[in-house]
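First up is the structure itself, then whatever we jot down about it.
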Ligand SMILES: Nc1ncnc2c1ncn2[C@@H]1O[C@H](COP(=O)(O)OP(=O)(O)O)[C@@H](O)[C@H]1O
Ligand SMILES: [Mg+2]
């Protein structure tokens, strides 16, 4: 299967995501943000980085990139879309996922491996996980403090849209296990249709043991499996949709 | 038209003798613009006029050297047609006046030097020096510098994989920010800063040119209007996004083969780039400032040529391939503009709307500048500070108290407060977590890897610059050796005071001599470096601080170790000789408030044997962990091996070093900083093999204890002198800096 | 024409930057500091001189790009220049 | 008392953020945008009600912490609250 990895100006984990797919034995294509078509793609990844320098707000300018129309359309048709770190921020700004990011609680950029608990397994990117499984994944962000108004957070919880949470190694949420101040220790969420997932930690940087962890493999592997057995596939573009 | 009188010369930092030389080289008096070109190119920063005679003595050749000093960065062969490209650069003064931007633009500058060579940057390291964290100003500078280093590197997507940080009051008014960048290229992709081929077009790309960095003094000249005479800040705001675009676009263009040469415009901007590229190519350049993209209105040719705006590149393109090059830059939303062409005149000729406004032989600017053999004199206090009388120190500290104090000293404590602000995971090559070893990156598509370390000990160099510099080389090389990598190349950053003072110049000369001797003995060629002089405030110089960056080659990146003990029940082996040397040690500074004595002795042949041995032991999988002994000596080294292991303690018994006076025997044994020592842990079944290998290599080795338990226990000659809970010790070490930085509330 | 767009986090959103600045001021001895909130502003220079059009256009820019309505509010101010 | 401190890069200092925002506005079709500069502001709430003292204190805070005079300039504004 093929992952389409969108390259925005300032993306810096685009090649990491493609490499991770390759490590898993899948194909990956880089798609330039000025393109208007995704081309061959079974799943789309919006990668980490600092699109447009993150100068205005993270993801704020990237959401206007020409490719984002095609990404929204792919998501609309049920195609699996994964936003990692900056990619998650782009999905929030684009309105494909609810909420917003503010600066980390202590305003510092933070990079380290942290435990991340998988709370829901009915998304294309967690379907191979065990519920409650704790993954050891790196974070690397200055603005990963997830915020949404209380009613939105409530509905995310009610609809089981919180997919990943920061916890300790045993999977417990503690005072010290939240690295950035995110509400409800949210590390990743999905949309109502469950095919669009965004998370701040970097599974694509944790796909080989020498890098510190290979726990991230299961995220892309889930998608590959889910797509192969047809559980999550984009519906064909309806010619009549316009 | 301004006449060039003595006050104009003074403002340009040109001496009357230098001015005579300019007249000889030109065969006439220069105009003001030409004087400006000479003033920046003949500045200490660009011409190395005080340091050149010394730097010439460094060993710069070797079978692996692909590019020695003189280009934008050095390059060494690492096999399989690959090259490691690396260099270190300082941004000390800007980081003092604006810590975040000063540090950020320093990172930006060194990254450009690497991708200019056609290499993709794959790692950053930084060596930092600040005043004591007890001072609010030092805390603020530290906080800003770390944020700036991270802010630039993280954004552009180059992992920061290592570094070192030292706190000492001598750096309070003069912090040091030295940044090393490592890149990777295929041999045939390496491209130089050469302007070849008469008629080839010269292109400018990147940020627009503003009036940045033009020295206030030169600006005050009557030639310029009121507005330009406004004092310009010497610090600029970094634009990592622009640099990221430039980097990707340049790497893409370089692959096409359409480039003849490329150079970044850093210090001395367009002047430096045009003259150096011409000189190297044995050619000349005609450019017209009218074509240079300008950010501000009404800029004079003088300002345009001397601007130091960041994130700009100059390229020479093969005639006929312009469209290809332009298209790639357009793709990245950058507009490459043609500002002139290569000539065979050997001269840099600057035009303004077609009118010739400056005409100078390129080599006059680059190679024929003044060279000074400045007077050197050993400081009168030098011998004095080398005397250490243990008797005068009072009672030795209780070893357990000393251990506690050392683990909590910011110099020894974990630097995680800083490196957690640096992205070390981007690029998916980093295979040693920060804080556990040298920076180690794998090379995708190859079994190989690279290890890099930056080290320097200003205290040792203050006490003895020759030996201190040798110790810095030895430590940096040892740090790459302990992960199993063979040192293959060195770069260095020489941070000193005012070279016009004979005492400082003596320190400089001694340090360079030390680097040269050590690099020759260890067979590590120096492929480049950087000199930062005039590091002083109010006449008080910093410690002479040479920082060595050494790159090591791992033939098999899967065979490497970190400092951490891997299992309980392993044997702890000390390699090298413990001589209990306390001179210049952190123990003396931290517990007795003394910076005195002779720095540890260094036997370069013993060092070399030790490094060979450890590389072999790691490659053959004979050791489970390896860590070099530096600040805090053996006891601190063993403790560091136990930290970050999830609770594997250690029990150690060592013989007391003989002949230490005044009751300091135990502390000298535990905390002395004798060089050329490594602590390894070895599976019990392999102990005999390891000891036999050491004996064969002529390296002293002794089994001194065992890993395991939840305590750190040290005995000297069988008597327990330290016995502490690992967890408490680790917390103290891990959070010391954080606690200093936590704001009162 | 010149206009300024002031963007602030909504009062209901925790402002980490303001908090860090407040803490720093307290530790510098400014004990009378009760709270700090940090905001940003954009000074936009436009071609064309009609104030009403300018204000409308800048408001549109703020809505579309300069502020994120989930967490931020904004205010547009026209400058005489 | 409440006061605002506005901090901007000095006019001679290049503002990369402003340039990127300007580029974004241009590419969204706002072709009349000539330039954008970005600044920040701090809203400081103080105990105690004397305007003159408050202004002096906030100015001191700006000098000491909120702005770096090397590259930035600042302006203090007292708010009635
Ligand atoms: N400024 C820094 N940036 C990144 N890593 C750092 C920095 N300072 C220290 N470190 C890391 O912390 C560890 C310990 O540093 P140091 O005390 O200098 O070690 P050593 O004595 O082995 O040279 C090393 O792994 C080093 O890379
Ligand atoms: Mg060190």
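Residue numbers (the numbering used here), protein chains in the order written: chain A, 1 to 242; chain B, 243 to 987; chain C, 988 to 1068; chain D, 1069 to 1149.
All C-beta atoms in this analysis are idealised placements derived from N, C-alpha and C, irrespective of residue type, glycine included.
- In this structure, the alpha-carbon of residue 685 (chain B) lies about 40 Å from that of residue 536 (chain B).
- Put simply, of B:604, B:476 and B:290 the residue whose alpha carbon is nearest the alpha carbon of residue 524 (chain B) is B:604.
- Against chain A, the beta carbon of residue 952 (chain B) has no neighbour under 9 Å; the closest one sits roughly 18 Å away.
- With 16 or more other Cβ atoms inside 10 Å of its own Cβ, residue 821 (chain B) counts as buried.
- Residue 191 (chain A) is positioned such that its CB atom lies closer than 7 Å to that of residue 97 (chain A).
- Per DSSP, the unbroken beta strand (DSSP E) holding residue 190 (chain A) starts and ends at 186 to 190.
- A Cβ-Cβ separation of about 7 Å places residue 649 (chain B) in contact with residue 881 (chain B) under the 8 Å criterion.
- Within 8 Å of the CB of residue 1008 (chain C), the CB atoms of chain D belong to 1110, 1133 and 1134, in sequence order along the chain.
- With the criterion set as a beta carbon lying under 9 Å from some beta carbon of chain C, the members of the region 31 to 62 of chain A are 56, 57, 60 and 61, in sequence order.
- Excluding five sequence positions before and after residue 132 (chain A), the CB atoms of its chain that fall closer than 8 Å to its own CB belong to 117, 118, 119 and 171, given in chain order.
- Neighbours of residue 1114 (chain D) in chain C, taken as residues whose beta carbon is under 7 Å from its own, are 1019, 1020 and 1021 in chain order.
- Identification of residues in the region 786 to 810 of chain B having a C-beta nearer than 8 Å to some C-beta of chain A yields 799 and 800, given in sequence order.
- In the structure shown, the three-state DSSP call for residue 521 (chain B) is helix.
- Taking 7 Å as the CB threshold, residue 140 (chain A) lines the interface with chain B.
- The three-state secondary structure of residue 633 (chain B), taken from DSSP, is helix.
- Contact of residue 147 (chain A) with chain C is assigned, a C-beta pair being separated by under 7 Å.
- Here residue 719 (chain B) is not near residue 707 (chain B), since their CB atoms are 7 Å or more apart.
- Around the C-beta of residue 598 (chain B), fewer than 16 other C-beta atoms lie within 10 Å, and the residue is accordingly described as exposed.
- Within the same chain, 89, 90 and 93 come within 6 Å of residue 59 (chain A) by CB-CB distance, once the 5 residues on both sides are set aside.
- Taking the CA atoms as reference points, residue 276 (chain B) sits about 32 Å from residue 500 (chain B).
- Per the Cβ contact rule, the region 632 to 652 of chain B is not in contact with the region 846 to 863 of chain B (fewer than 3 Cβ pairs under 8 Å).
- Nearest neighbour of residue 988 (chain C) by Cα position, chosen from C:1030, C:1052, C:1008 and C:1059, turns out to be C:1030.
- It is roughly 16 Å from the alpha-carbon of residue 238 (chain A) to the alpha-carbon of residue 39 (chain A).
- For residue 333 (chain B), no alpha helix (DSSP H) segment is defined, and its DSSP state is neither H nor E.
- Note that the region 964 to 974 of chain B does not touch the region 1040 to 1047 of chain C; fewer than 3 beta-carbon pairs, one per stretch, sit closer than 8 Å.
- Nearest C-alpha to residue 866 (chain B) among B:814, B:835 and B:509: B:814.
- If you draw a straight line from the Cα of residue 227 (chain A) to the Cα of residue 221 (chain A), it comes to about 10 Å.
- With fewer than 16 other beta carbons inside 10 angstroms of its own, residue 34 (chain A) counts as exposed.
- At a beta-carbon threshold of 9 Å, the residues of chain C lying near residue 1107 (chain D) are 991, 1027, 1028, 1029 and 1030, ordered along the chain.
- Among the bridge pairs identified by DSSP, residue 448 (chain B) is matched with B:554.
- Counting every other CB atom within 10 Å of its CB across the protein chains shown gives residue 676 (chain B) a total of 16 or more, marking it as buried.
- In the DSSP assignment, residue 966 (chain B) falls within the unbroken beta strand (DSSP E) covering 961 to 967.
- Annotation for residue 713 (chain B): no beta strand (DSSP E) segment contains it, though the alpha helix (DSSP H) segment containing it runs 707 to 723.
- Taking 8 Å as the Cβ-Cβ cut-off, the region 323 to 347 of chain B approaches chain D at 339, 340 and 343, given in chain order.
- Under the Cβ distance rule, residue 1077 (chain D) does not count among the residues neighbouring chain C, no pair being separated by less than 7 Å.
- Inter-residue distance for residue 927 (chain B) and residue 933 (chain B) is about 11 Å (C-alpha atoms, whole angstroms).
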